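In our numbering, each number is its position in the sequence shown, counted from 1, plus 1.
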Amino acid sequence: MFEFFNIPEAVQETGEVAAIVTALFLILFSLYEIISGQTQGGKKTWNDWAMSGISLGFLAALQRPVLTVVVFLLMAWLFPAYNGAMAWLETQYFWPTLIIFLLVDEYLHGRTHLFAHSRKPKNRLLGKVQGFYKAAHRPHHLNGGQDKRGEISSSQTFVENWAWWLILPNYWFGLACLYLGLYEVFLWGSLSKVVWGMHVHTNWKWQYDLWLLNHRNSFVRKSMRALCHIFTFPNMHHHHHSRSANSAKNMTNFISIFDWLLWGTLKIETERPEVYGWRQYDTESASVLHRFFRSTEPLKDPHRGENASAHASQK
Ligand SMILES: [Zn+2]
Ligand SMILES: [Zn+2]
Numbered sequence: 002m003f004e005f006f007n008i009p010e011a012v013q014e015t016g017e018v019a020a021i022v023t024a025l026f027l028i029l030f031s032l033y034e035i036i037s038g039q040t041q042g043g044k045k046t047w048n049d050w051a052m053s054g055i056s057l058g059f060l061a062a063l064q065r066p067v068l069t070v071v072v073f074l075l076m077a078w079l080f081p082a083y084n085g086a087m088a089w090l091e092t093q094y095f096w097p098t099l100i101i102f103l104l105v106d107e108y109l110h111g112r113t114h115l116f117a118h119s120r121k122p123k124n125r126l127l128g129k130v131q132g133f134y135k136a137a138h139r140p141h142h143l144n145g146g147q148d149k150r151g152e153i154s155s156s157q158t159f160v161e162n163w164a165w166w167l168i169l170p171n172y173w174f175g176l177a178c179l180y181l182g183l184y185e186v187f188l189w190g191s192l193s194k195v196v197w198g199m200h201v202h203t204n205w206k207w208q209y210d211l212w213l214l215n216h217r218n219s220f221v222r223k224s225m226r227a228l229c230h231i232f233t234f235p236n237m238h239h240h241h242h243s244r245s246a247n248s249a250k251n252m253t254n255f256i257s258i259f260d261w262l263l264w265g266t267l268k269i270e271t272e273r274p275e276v277y278g279w280r281q282y283d284t285e286s287a288s289v290l291h292r293f294f295r296s297t298e299p300l301k302d303p304h305r306g307e308n309a310s311a312h313a314s315q316k
C-alpha cells in the first residue's frame, strides 16, 4: 500500500519497529498482570480482552496505515519541497527536537482528551463535534462487567471506538513530522509515549508510586509529589479511570505539566480508586462490537446523568 502511494521505505520500517517494540512491552505488562493475579476475580473480563483485540487489530490493520497515507498525501500536496527536508534538525539537535516533539504531541493529545471530557459547548456545531469525540473516547472508560469489580490493565491503553485514532491531532502531527524526515525523533518520541502510557494503565500488584507517595520519610513523599507535577504516574491515570469526580482529572498519560499549569486538572491521590470504569448500559455490557462501532448510541439513553462525573470543569 505504501509503495503505491510513493511513501518512503524508511516510513514503513519506522512503523514496523514501533509496532514490534510496542507489542513486546504489551506482552510483558500483560504477562505480569496475569501472573500476579491482577486479571482474576472479575478485574479483567473476556469482553475487556476482546475489546483490546478489536481496537488493536483495527489500529494496526486499518487506522494507522490509512492515516499515514492521508497525512503523507496531504503534506506532499501542501509542502512538496519539504519531503524529508527537516532531517538535519534531528541530526544536529536530536535532544531539543525530541523534547519539543514530545511536548507538542502530549499537549495536542491532552487538550483533545480534555475536550472530550468537558461540558457541552454553547456553540451548536462545536457541541456536535464534541459529541463525536465523547462517543469515540467512551469505550476507553468501560471495563469489567456491571458488577463494579472491573479494573484497568495495560491493554486498555488502546481501547477506544473506531474513530478515536483518526481524530486525534497528535497522530496527524507525528505523521507530519515523519514526512518532514524526523524518523529517529518520531520513533523515540512515539515509543517513549506509548510504553509510558501502557505502564500507567498497568494493574500493578505493588504500586511503586503509591509506596513513594505514602513513604514514612517526608522527603521521599514530597519528592514524589513534586515529580507527579511533571510526569503522570500509574495511580494518577487510574484515578482518571475511576467512577468518581477524578475521572475528569489527569488528562495526560505522560507529561502532567499541562494538567498542572494550563488546565487545573492535576489530581494526586494516595490510594487506589474505589470503583474503576463508567457505568455500562446493557447494550455495551453485552456487546463489544456495539462499544467499538456504535458508542454514540448509549449517550442518548435516559440514564446519561450517571456519567456527569466524566466532565471536566475547565479553567
Ligand atoms: Zn478519558
Ligand atoms: Zn486511560
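Using N, Cα and C, we set each Cβ at its ideal position, and we do this for glycine too. Values in this document were obtained by computation on a predicted structure and should not be read as measured data.
Determine the DSSP secondary structure at residue i, reduced to helix, strand or coil.
| i | result |
| --- | --- |
| residue 95 | helix |
| residue 31 | helix |
| residue 256 | strand |
| residue 217 | coil |
| residue 267 | coil |
| residue 326 | A query on residue 326 cannot be resolved here, the shown segment of the chain reaching from 2 to 316 and no further. |
| residue 5 | coil |
| residue 154 | coil |
| residue 57 | helix |
| residue 282 | coil |
| residue 86 | coil |
| residue 207 | coil |
| residue 148 | coil |
| residue 39 | coil |
| residue 160 | coil |
| residue 21 | helix |
| residue 185 | helix |
| residue 223 | helix |
| residue 15 | helix |
| residue 10 | helix |
| residue 272 | coil |
| residue 48 | helix |
| residue 143 | coil |
Straight-line CA distance for residue i to residue j?
| i | j | result |
| --- | --- | --- |
| residue 278 | residue 243 | 5 Å |
| residue 108 | residue 259 | 7 Å |
| residue 208 | residue 11 | 39 Å |
| residue 113 | residue 146 | 28 Å |
| residue 136 | residue 247 | 19 Å |
| residue 94 | residue 192 | 19 Å |
| residue 184 | residue 219 | 43 Å |
| residue 48 | residue 91 | 42 Å |
| residue 268 | residue 239 | 11 Å |
| residue 178 | residue 187 | 7 Å |
| residue 43 | residue 7 | 48 Å |
| residue 75 | residue 81 | 9 Å |
| residue 83 | residue 89 | 12 Å |
| residue 174 | residue 217 | 43 Å |
| residue 249 | residue 281 | 18 Å |
| residue 13 | residue 223 | 44 Å |
| residue 293 | residue 120 | 23 Å |
| residue 16 | residue 58 | 15 Å |
| residue 28 | residue 35 | 10 Å |
| residue 25 | residue 197 | 14 Å |
| residue 151 | residue 77 | 46 Å |
Tell me residue i's beta-bridge partners as DSSP assigns them.
| i | result |
| --- | --- |
| residue 232 | 256 |
| residue 243 | 277 |
Would you mind reading off the limits of the alpha helix (DSSP H) that contains residue i?
| i | result |
| --- | --- |
| residue 291 | 289–294 |
| residue 180 | 170–181 |
| residue 125 | 125–138 |
| residue 78 | 65–79 |
Our contact map puts residue i next to residue j with C-beta atoms below 8 Å; I'd like the distance itself, whole angstroms only.
| i | j | result |
| --- | --- | --- |
| residue 253 | residue 111 | 4 Å |
| residue 206 | residue 39 | 6 Å |
| residue 52 | residue 140 | 7 Å |
| residue 245 | residue 274 | 7 Å |
| residue 85 | residue 182 | 4 Å |
| residue 226 | residue 214 | 7 Å |
| residue 256 | residue 104 | 7 Å |
| residue 102 | residue 190 | 5 Å |
| residue 271 | residue 251 | Not really, about 14 Å apart at Cβ, beyond 8 Å. |
| residue 176 | residue 72 | 4 Å |
Under a CB-based cut-off of 8 Å, is residue i close to chain C?
| i | result |
| --- | --- |
| residue 287 | This model lacks chain C altogether; it includes just one protein chain. |
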